[in-house]
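In case it helps, numbering that gives the first Met the number 0 puts the sequence shown at residues 0 to 102.
Built from N, CA and C at the ideal position, the CB exists for glycine as well.
From a predicted model like this one, the values you see are computed outputs, not experimental measurements.
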Amino acid sequence: MSVHLKIRVDNGPEFTGKTFINWAKSHDIAIDYIQPGNPYQNGYIERFNRSYRTEVLDLYLFNNLEQVRRITEEWLTIYNTERPHEALNNMTPIEYKTLKQAA
0 MSVHLKIRVD NGPEFTGKTF INWAKSHDIA IDYIQPGNPY QNGYIERFNR SYRTEVLDLY
60 LFNNLEQVRR ITEEWLTIYN TERPHEALNN MTPIEYKTLK QAA
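Below, the structure is given as structure tokens:
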């Protein structure tokens, strides 16, 4: 049985350009575009983006790309291992993943 992969994205230029489309095709990934003007159709990533913007991008004046990567990695570790998420019944993503794998 083959796994059919699909990625849901908005209609931003980074997802409608040839580079992304060709990448998806070369990896056998179907692209599922949300309807223009309906970000609620991609609510999980919109919520993630809001958290990342307010908790990282708006708080720092970065000096270089390495600093962005380091701070982002630190934030992602906390986001996934220490921070409860309402959408996951107030579990961290790692707790939720562990629970699902045990089921």
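Express the C-alpha separation of Tyr-78 and Tyr-95 in angstroms, rounding to a whole number.
-> Within the model, the alpha-carbon separation for Tyr-95 versus Tyr-78 is close to 13 Å.
Report the partner residues of Lys-5 according to the DSSP bridge assignment.
-> DSSP output for Lys-5 lists Ala-29 as bridge partner(s).
For the alpha helix (DSSP H) that contains Gly-42, what are its first and last residues?
-> Gly-42: member of the alpha helix (DSSP H) spanning 42 to 51, first to last residue.
Delimiting residues of the alpha helix (DSSP H) encompassing Val-67 = That run of the alpha helix (DSSP H) goes 64 to 80.
Check whether Asn-10 and Pro-35 have beta carbons under 8 Å apart | Asn-10 places its beta carbon less than 8 Å from that of Pro-35.
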